[in-house]
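The structure under discussion appears below in the form of structure tokens.
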Amino acid sequence: DEARLAYEAAVEIAEELQDLRAQGLDLTHLGAIELIEGKAEGAERHYRAALELFRRIGERGLEALAWHQLGRALHEMQQWNEAERHYQTAARIREERGDFAGAGQTWNQLAVLSRAVGDAEAAEAWHRKAIDADRQMGRPSQLARHLSDFAELLLQQGRLDQGRQATEEALAIGQASAAPDV
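Using the numbering used here, the first residue of the sequence shown is number 222, and each one after it goes up by one.
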């Protein structure tokens, strides 16, 4: 509640200052709060407003973030086609900008969405793309999470050996990144 009040006040201040970037960022934070609270419709409203502001000021990186988050809200509302379209737009912008870490997060969301609609083939392709990006970017925590998600898909398909391999790799990465440097 306190965070919501603080961000609402920040939006008002940003409006008074005509700071569209700050206004968009604060709207994005409000959207995140709505998602956490399970209020996807409210999140959608905030993300759409933020997206419009980021587009107006030409902030492509933040625009991609808003597309991604809007996809998450639509995903929560089970508006599968719209969520997929928004995720794909976010991924395309992130790729164009060379933000493969961000694109990897979006590709993983596309995999989760594909699984939700029962398209295991698409889910596997998106998982593999996210995992490849994580490897290239050297992002062990993301890689471990994405491998774990992928392992779950493989195990659901009865591909036990491949699922075990992905799980073991995710575990090894997690243990290595948690180990103290000596």
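In this text, a Cβ means the ideal position worked out from N, Cα and C, and glycines have one as well.
VAL232 sits in a helix when the DSSP states are folded into three classes. Here the stretch 256-270 makes contact with the stretch 289-302; the two share three or more CB pairs at distances below 8 Å. GLN300 and LEU368 have their alpha carbons spaced roughly 26 Å apart.
For ASP247, the uninterrupted alpha helix (DSSP H) segment begins and ends at 241-257. Straight through space, the alpha carbons of ASP247 and GLU284 are spaced by roughly 14 Å. For LYS260, the three-state secondary structure derived from DSSP is coil.
Annotation: the continuous alpha helix (DSSP H) that includes GLU342 extends over 341-358. The alpha-carbon of ALA224 is positioned some 44 Å away from that of LEU381. Cα atoms of THR310 and ALA235: separation of roughly 27 Å, rounded to the nearest angstrom. Of the candidates GLU280, LEU331, PHE371, the residue whose Cα lies closest to the Cα of ASN302 is LEU331.
VAL333: member of the alpha helix (DSSP H) spanning 321-337, first to last residue.
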